[in-house]
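Numbering (my numbering), first residue to last: 133 to 365.
Notes follow the structure.
Here it is, written out as structure tokens:
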């Protein structure tokens, strides 16, 4: 997902001289661009908590997105002086797809490291009920503060000291074999009899297993694996 710098259009008519951003109690509007998996760019607008000079915030937030026919996964950069509620936010309408808590993560710097000051809001913008045309007005979606820290839908289970299994909302996702797995069906003299550090199984949405391990005609194939188990420098 791509993220793009935001720029702000401040309402300065009643801005006090000691406020760096906008008058307390009046929302500022920041235009940002959503980079989506579809390869298109959708302009969006933030209506976020105004901050006074002392850092006081208002726990109200909304986002405006142009009409579009499908949910869009996107990352929006948060202005540095915007502080989200302590436990994060979610869509106010529980019926919206992606009504689970939205993720706030450190922004990635050009070198791939997380930034200390800049944060990104990761979201799935819901589809619009209107036809997706340039003439349609932006759709506004309200976000509300969470009263308590959300529980992650992911759970991690270690098995026999060699496998880490990941589940999401009670459904299996994948297993990472960090320890050595030995297939007794492979001949003792075959060096491909044991292998570690690969992902298997990977489960589909209906619980079906999508990967294979030690296939009879390719013992060296293991689910999702890396082909450089030994590196000499």
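Backbone N, C-alpha and C define an ideal beta-carbon position, used for all residues, glycine too.
Note that the structure is a prediction, hence the values are computed from the model and not measured.
Where does residue 219 fall in DSSP's three states?
coil
Please classify residue 372 as buried or exposed, where buried requires at least 16 other C-beta atoms within 10 Å of its C-beta.
Outside the shown range of the chain (133 to 365) lies residue 372, about which nothing can therefore be said.
Run of the beta strand (DSSP E) containing residue 298, from where it starts to where it stops
295-300
Among 213, 288 and 209, which has the Cα closest to the Cα of residue 254?
209
Thinking C-beta only, is residue 252 closer than 8 Å to residue 276?
no
Top-ranked residue by Cα proximity to residue 310, from 342, 194, 358 and 271:
358
The segment 282-293 in contact with the segment 312-331 per 3-pair CB rule at 8 Å
no
Can you tell me the Cα-Cα spacing of residue 272 and residue 235, whole angstroms?
19 Å
Based on DSSP bridge pairs, tell me the residues matched to residue 314.
326
Within 10 angstroms of its Cβ, does residue 346 collect 16 or more other Cβ (buried), or is it exposed?
buried
Can a CB atom of chain B be found closer than 8 Å to the CB of residue 350?
Here there is only one protein chain, and chain B is not present.
Are residue 302 and residue 334 closer than 8 Å when you measure CB to CB?
no
Name the DSSP bridge partner or partners of residue 351?
In DSSP, residue 351 forms no bridge with anything.
According to the Cβ coordinates, are residue 296 and residue 221 closer than 8 Å?
no
Measuring alpha carbon to alpha carbon, tell me which of 205, 288 and 233 ends up nearest residue 217.
233
Look at residue 260 and residue 199 and say whether their C-beta atoms are less than 8 Å apart.
yes
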